[in-house]
Amino acid sequence: MAVYKLVHGHIFYDGLAIDVAEGIAQGSVVLILVFAIIIAIPYRGIIFGYGKRPASDAVIQFVRKYHGYAMSFGTVLNFHYHPVSHRNKSWVLFLETWVFIHGTLTALIQPGIGWQIFSYGFMVMFLVNQIFQTKLSQNRLLMSAIYTAFFIWAYWGFRKDKAYYRATFIPVSEQVGRIRSEPST
């Protein structure tokens, strides 16, 4: 299916992407990633594996019920941006982490510092949220090594401009999206 979508999307169909600003397509991706975070709260938690029991399941149930509309919009908007199947938790985790690779490589070929935002931002999301869906999170020594490697990598990547705040753009926007979805009490 992935090969089909790649070929089909690049030869025959590009949805509305030609006529719609790229920011709209990126926004639809962010929306879908926020939905994935919300849906995964019961088995992944919110941050560092904590918060698996939300105060209300209403938002999670709402997003589960209606996330297909956002997927449909994203699919029509730009066919090759969005996955087809999302029932297997391992596949969803792969899709969520694939955006790290895609975002980093896409930003690296662009001029400027965008790679820092995408690379570190999506890696932070993996390390504070998505990794807690895996068995890796149960090994404290391994987790310590992973976090240490990340901090060394971040120090190396920001050694010239020291603009560490860029690593927060994506995690903050995704967490704000999740927080804004919580029902008010």
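Okay, so the sequence shown: first residue is -6 according to our numbering, each after it adds one. Every residue gets a Cβ at the ideal spot worked out from N, C-alpha and C, and that includes glycine.
Query                                                                                                                                                                                         : Result
Along the chain, where does the alpha helix (DSSP H) containing PRO35 start, and where does it finish?                                                                                        : 34 to 37
Between ILE25 and the rest of its own chain, which residues show a CB-CB distance below 8 Å, the 5 nearest in sequence each way excluded?                                                     : HIS60, ALA63, MET64, GLY67 and HIS75
Have a look at PRO35 and VAL27 and give me their C-alpha separation to the nearest angstrom.                                                                                                  : 14 Å
Any idea if ALA98 is buried or exposed, counting beta-carbon neighbours within 10 angstroms, 16 or more meaning buried?                                                                       : According to the sequence shown, residue 98 is Leu rather than Ala. So LEU98 counts as exposed.
For the alpha helix (DSSP H) containing LEU129, list its first residue and its last residue.                                                                                                  : Careful: LEU129 lies outside any alpha helix (DSSP H) and carries neither H nor E.
Please go through the same chain and pick out, in chain order, the residues whose beta-carbon is closer than 7 Å to the beta-carbon of ASP154, but skip the five residues on each side of it. : none
Between the C-alpha atoms of VAL92 and GLY20, what's the straight-line distance to the nearest angstrom?                                                                                      : 13 Å
Considering GLN57, what are the terminal residues of the alpha helix (DSSP H) in which it resides?                                                                                            : Checking the sequence, you will find Arg at residue 57 rather than Gln. Run containing ARG57: 51 to 70, per the alpha helix (DSSP H) assignment.
Would you kindly work out how many angstroms separate the C-alpha atoms of GLY170 and VAL85, rounded to a whole number?                                                                       : 19 Å
Given that a residue counts as buried once 16 or more other Cβ atoms are within 10 Å of its Cβ, and exposed if not, what is GLY105?                                                           : exposed
Check whether the Cβ atoms of ILE40 and ASN122 lie closer than 8 Å to each other.                                                                                                             : yes
Output the boundary residues of the alpha helix (DSSP H) element that contains TYR113.                                                                                                        : 107 to 121
Report yes if the CB atom of ILE17 is closer than 8 Å to the CB atom of ILE32, and no otherwise.                                                                                              : no
Do GLY114 and ILE163 have their C-beta atoms within less than 8 Å of each other?                                                                                                              : yes
Mind reading off the beta-carbon distance from ALA160 to GLN109? Whole number of angstroms is fine, and I expect it under 8 Å.                                                                : 7 Å
Which of the three DSSP states, helix, strand or coil, is assigned to ILE102?                                                                                                                 : coil
Pick out whichever of SER112, VAL13 and ILE30 has its Cα sitting closest to the Cα of VAL69.                                                                                                  : VAL13
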